[in-house]
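Engineer: Numbering (our numbering), first residue to last: 2 to 263. Here a beta-carbon is modelled for each residue, glycine too, at the ideal position from N, C-alpha and C. Would you mind keeping the following structure in view while I ask a few things?
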Ligand code: DGL
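So this is what it looks like as structure tokens:
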């Protein structure tokens, strides 16, 4: 069982930012990554539909013998993980916007948060903010259109620059000193965002924390792969497989994207 793969899914390419951290920390693990780009973006969909899609993705990964599932999407994590945990026995890791470290590290006591509508409106985010960010003002903004541009291979484009300026500049007027990237697609934009914020704002994502959490749970469950060779990694996409391949090529690791009808 410990040699079975870790399954990771997202509404497309964003979960690769989580995959990267998991592979860095756990290089011997076999991994199956599912880019459900056909259903992207999840962000504006109703909760019931996000649950339905997450169930379908989970079933796919379980059919492929995954020993643990990482829901590498904030929108699916905030809306569907409770349901998944109630219905499946396999350990399920969720991602969460890094509000807690941002609130702790903020000196201005104003934190920016860029995420999808589905994440910003979720109960889980509301509870997390209440619990960990009391006394801190959170300036929220829906990153409308950012996921679409990334999924369509327009990560570095004038449209992207314009949207980022439109979303981030008003946050600077509120004097934020931390900016939480509450969508797993957004860490691909970190450098572009930094050009707008300058060095005075810390840009925070939760990739490393999720990788550490994955290791803790695998260890607890006796599921860590003890092999010494580098793990096999398989990447599936149900739309725009070339865009996934182009993104994988940026990692310089000879990774192959495979198209699936799913
Ligand atoms: N990567 C997903 C997230 O973290 C993108 C959401 C979407 O598909 O809108 O929320």
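Just grab the DSSP bridge partners of residue 76 for me.
Structural biologist: Beta-bridge pairing links residue 76 to no other residue.
Engineer: With a threshold of 6 Å (Cβ to nearest heavy atom), would residue 12 be considered close to the ligand DGL?
Structural biologist: Checking every heavy atom of the ligand DGL against the Cβ of residue 12, one is found closer than 6 Å.
Engineer: Considering residue 259, what are the terminal residues of the beta strand (DSSP E) in which it resides?
Structural biologist: Counting along the chain, the beta strand (DSSP E) containing residue 259 begins and ends at 258-260.
Engineer: Can you find a heavy atom of the ligand DGL that lies under 6 Å from the Cβ of residue 98?
Structural biologist: It does not: the Cβ of residue 98 is nowhere closer than 6 Å to a heavy atom of the ligand DGL.
Engineer: Determine whether the beta carbon atoms of residue 204 and residue 180 lie at a separation below 7 Å.
Structural biologist: For residue 204 and residue 180, yes; Cβs fall inside 7 Å.
Engineer: Based on DSSP bridge pairs, tell me the residues matched to residue 179.
Structural biologist: Answer by DSSP bridge pairing, in chain order: 112, 203.
Engineer: When every heavy atom of the ligand DGL is checked, does at least one fall within less than 6 Å of the C-beta of residue 18?
Structural biologist: No; taking the cut-off as 6 Å, the Cβ of residue 18 has no heavy atom of the ligand DGL nearer than that.
Engineer: Got a sec, what are the start and stop residues for the beta strand (DSSP E) residue 264 sits in?
Structural biologist: One cannot answer for residue 264 here, as it falls past the ends of the chain, which runs 2 to 263.
Engineer: For residue 38, which residues of its own chain have a beta-carbon under 8 Å away from its beta-carbon, when the five flanking residues on both sides are left out?
Structural biologist: Around residue 38: 12, 13, 14, 152, 238, 239, 240, 241, 244, 245.
Engineer: Compute the Euclidean distance between the alpha carbons of residue 188 and residue 170, then round it to the nearest angstrom.
Structural biologist: Rounded to whole angstroms, residue 188 to residue 170 spans 18 Å at the Cα level.
Engineer: Could you give the C-beta distance for residue 96 and residue 68, rounded to a whole number, given that I count them as a contact under 8 Å?
Structural biologist: So it is not a contact: roughly 19 Å between Cβ atoms.
Engineer: Going by the DSSP bridge assignment, what does residue 237 pair with across the sheet?
Structural biologist: Residue 237 pairs with 35, 259.
Engineer: Helix or strand or just coil, what does DSSP make of residue 61?
Structural biologist: In the structure shown, residue 61 sits in a helix (DSSP, three-state: H, G or I).
Engineer: Pull up the distance between the alpha-carbon of residue 140 and that of residue 161, whole angstroms please.
Structural biologist: Spanning the two alpha carbons is a distance of roughly 21 Å.
Engineer: Can we count residue 241 as close to the ligand DGL, meaning its CB is less than 6 Å from some heavy atom?
Structural biologist: Residue 241: no, Cβ never under 6 Å from the ligand DGL.
Engineer: Would residue 72 and residue 82 be called neighbours here (beta carbons separated by less than 7 Å)?
Structural biologist: Contact flag set, yes.
Engineer: Have a look at 196, 118, 88 and flag the residue whose alpha-carbon is nearest the alpha-carbon of residue 267.
Structural biologist: This structure cannot settle anything about residue 267, because the visible part of the chain is limited to 2 through 263.
Engineer: Need the endpoints of the beta strand (DSSP E) that residue 138 sits in, please.
Structural biologist: Counting along the chain, the beta strand (DSSP E) containing residue 138 begins and ends at 138-143.
Engineer: If I measure Cβ to Cβ from residue 8 and keep anything under 6 Å in the same chain, skipping five residues before and after, which residues do I get?
Structural biologist: Cβ within range, chain order: 33, 62, 67, 70.
Engineer: So, helix, strand or coil for residue 252, using DSSP?
Structural biologist: Coil.
Engineer: Can you tell which of 216, 263, 247 has the C-alpha that lies nearest to the C-alpha of residue 22?
Structural biologist: Closest by alpha carbon: 216.
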